[in-house]
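Each position in the sequence shown, counted from 1, maps to that position plus 1 in the working numbering. We treat Cβ as the ideally placed atom computed from N, Cα and C, and that holds for glycine.
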Amino acid sequence: MAAFRGVRKMIEKHQDDIVNYFKEGQTNAKAENMNGKIQRFLANNFGIRTMIFLCIE
């Protein structure tokens, strides 16, 4: 029964996101993907974080 308590807790924690998916048909996958790309970019460029460097013209 402990496993079910863990699942129940997880569902309660993410209830808003789960309901949003079924109502709107959208997830935050695109935002998570972009965040991952930014994190990989910063890691590959030794953590350069100046705004001038990151500006796209």
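Asked                                                                                                                          : Found
When you measure from the CB of M11 to every non-hydrogen atom of the ligand MG, does any distance come out below 7 angstroms? : Of the ligands one can find in the structure shown there are none, so the ligand MG has no counterpart to examine.
Identify whether M2 lies in helix, strand or coil by the three-state DSSP scheme.                                              : coil
So, helix, strand or coil for F42, using DSSP?                                                                                 : helix
What would DSSP say about G26, mapped onto helix, strand or coil?                                                              : coil
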